[in-house]
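What follows is one structure encoded as structure tokens, with my remarks underneath.
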Amino acid sequence: MLYCGLQKTTLLDYPEHVAATVFLGGCNFRCPYCQNSDLLLDPASYAAYTKQDILSYLQKRKNILTGVCITGGEPTIYHDLPDFLAEVRQLGYLVKLDSNGSNPFMLQTLYEQKLIDYVAMDIKSGPSDYLKVAGLTDPTDHSTSYAFSDEMLSRIRESVHFLMHETDERRFTYEFRTTVVRELHSAETFREIGDWIKGAKRYFLQSYKESEQVLCPGFSAYSRMELEKFIEILKPNIPSVALRGVD
238 MLYCGLQKTT
248 LLDYPEHVAA
258 TVFLGGCNFR
268 CPYCQNSDLL
278 LDPASYAAYT
288 KQDILSYLQK
298 RKNILTGVCI
308 TGGEPTIYHD
318 LPDFLAEVRQ
328 LGYLVKLDSN
338 GSNPFMLQTL
348 YEQKLIDYVA
358 MDIKSGPSDY
368 LKVAGLTDPT
378 DHSTSYAFSD
388 EMLSRIRESV
398 HFLMHETDER
408 RFTYEFRTTV
418 VRELHSAETF
428 REIGDWIKGA
438 KRYFLQSYKE
448 SEQVLCPGFS
458 AYSRMELEKF
468 IEILKPNIPS
478 VALRGVD
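Below, the structure is given as structure tokens:
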């Protein structure tokens with residue numbers, strides 16, 4: 238695995254916990270609005286840590302921190318992710334995993350082995366536009382796994398179903414979240430998503446933010462008032478839907 242970053246303390250990434258966040262490089266999506274393009278395009282150049290560096294830090298901080306967030310990139314592309322999380326677990330930490338949902342088998346494995354406590358899965362768009370918004374519709378780009386086929390969307394659907402219907406909320410938490418981009422999402426997007434993940438326990442809309450790290454700069458955000466209109470579209474199917482990190 239490529240250990241590309243370590244946020245030593247965060248009060249935001251793991252709800253209700255003081256946590257550290259580990260950034261793994263590499264991703265099988267090419268979302269044009271991605272905020273971590275450095276971890277996407279050339280992750281090996283940013284692999285500033287070893288596994289032992291991470292574990293040593295967590296060992297020193299285990300009386301202060303209670304959780305560890307694993308993000309990316311896309312962590313589930315690594316077959317040795319369970320081994321790493323088992324070592325984090327041995328230090329007594331709760332584990333939150335950020336994922337695009339492209340590897341339902343890995344999610345199921347981590348859950349069954351009790352290596353994760355929380356999954357935050359991105360919902361990129363409604364199914365009809367999913368591959369486009371995830372950057373997987375360019376037939377000249379063969380760098381992404383399972384791209385340009387119904388298989389990828391099937392995997393996403395399987396991950397959604399697993400989190401919603403096959404996990405035990407007494408020991409596990411999930412959330413879905415969408416980064417909303419004016420040029421990529423519309424009211425119809427959220428009607429479609431609402432029908433798809435109807436009954437989801439937690440769903441958050443996050444506003445797009447332009448930065449130098451965006452893969453394809455030039456997108457724009459909706460206003461808070463516009464986002465609240467999307468919330469109203471979603472509420473009949475997902476009563477708990479909320480905005481997150483919106484000014």
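Positions 238 to 484 (the numbering used here) are the ones given, in order, by the sequence shown.
Note that the Cβ used here is the ideal one computed from N, Cα and C, for glycine as well.
Of the residues the options, the one placed nearest residue i, counting alpha carbons only
| i | options | result |
| --- | --- | --- |
| residue 390 | 409, 370 and 404 | 370 |
| residue 349 | 323, 305, 268 and 361 | 323 |
| residue 483 | 245, 442 and 430 | 442 |
| residue 394 | 302, 362 and 419 | 362 |
| residue 254 | 416, 312, 306 and 403 | 306 |
| residue 392 | 423, 265 and 273 | 265 |
| residue 429 | 278, 460, 352 and 467 | 467 |
| residue 260 | 267, 417 and 313 | 313 |
| residue 404 | 470, 347 and 310 | 347 |
| residue 294 | 256, 470, 446 and 356 | 256 |
| residue 332 | 481, 258, 448 and 297 | 258 |
| residue 471 | 481, 424, 459 and 444 | 424 |
| residue 311 | 414, 407 and 273 | 273 |
| residue 459 | 400, 406, 450 and 445 | 445 |
Contact check, residue i vs residue j, beta carbons under 8 angstroms
| i | j | result |
| --- | --- | --- |
| residue 359 | residue 337 | yes |
| residue 283 | residue 275 | yes |
| residue 263 | residue 252 | no |
| residue 457 | residue 419 | yes |
| residue 238 | residue 318 | yes |
| residue 304 | residue 286 | no |
| residue 354 | residue 410 | yes |
| residue 321 | residue 351 | no |
| residue 452 | residue 277 | yes |
| residue 447 | residue 357 | no |
Nearest-angstrom Cα separation, counted from residue j out to residue i
| i | j | result |
| --- | --- | --- |
| residue 435 | residue 345 | 21 angstroms |
| residue 381 | residue 368 | Below a pLDDT of 50, predicted positions are generally treated as unreliable, and residue 381, at 47, falls in that range; the measurement from the model is reported next regardless. Those two C-alpha atoms are separated by around 11 angstroms. |
| residue 384 | residue 373 | Since pLDDT at residue 384 reaches only 46, below the 50 mark, its modelled position is unreliable, and no value is offered. |
| residue 292 | residue 387 | 38 angstroms |
| residue 376 | residue 479 | In this prediction, residue 376 has a pLDDT of 47, which is less than 50 and means its spatial position is unreliable; nothing more can be read from the coordinates. |
| residue 241 | residue 308 | 10 angstroms |
| residue 513 | residue 269 | The structure shown has nothing for residue 513, since the chain only spans 238 to 484. |
| residue 325 | residue 342 | 21 angstroms |
| residue 379 | residue 439 | The predicted position of residue 379 is uncertain, since its pLDDT is 47 and thus under 50; no value can be drawn from it. |
| residue 416 | residue 431 | 15 angstroms |
| residue 473 | residue 437 | 11 angstroms |
| residue 364 | residue 300 | 43 angstroms |
| residue 297 | residue 481 | 31 angstroms |
| residue 397 | residue 245 | 30 angstroms |
| residue 421 | residue 366 | 9 angstroms |
| residue 271 | residue 408 | 31 angstroms |
| residue 475 | residue 315 | 32 angstroms |
| residue 414 | residue 427 | 12 angstroms |
| residue 400 | residue 406 | 10 angstroms |
| residue 462 | residue 328 | 44 angstroms |
| residue 433 | residue 450 | 31 angstroms |
| residue 465 | residue 243 | 33 angstroms |
| residue 267 | residue 469 | 30 angstroms |
| residue 250 | residue 402 | 24 angstroms |
Which residues DSSP lists as bridging residue i, in chain order
| i | result |
| --- | --- |
| residue 306 | 258 and 333 |
| residue 396 | Note: residue 396 sits in no beta bridge, so no partner. |
| residue 412 | 357 |
| residue 242 | 260 |
| residue 441 | 414 and 479 |
| residue 247 | 256 |
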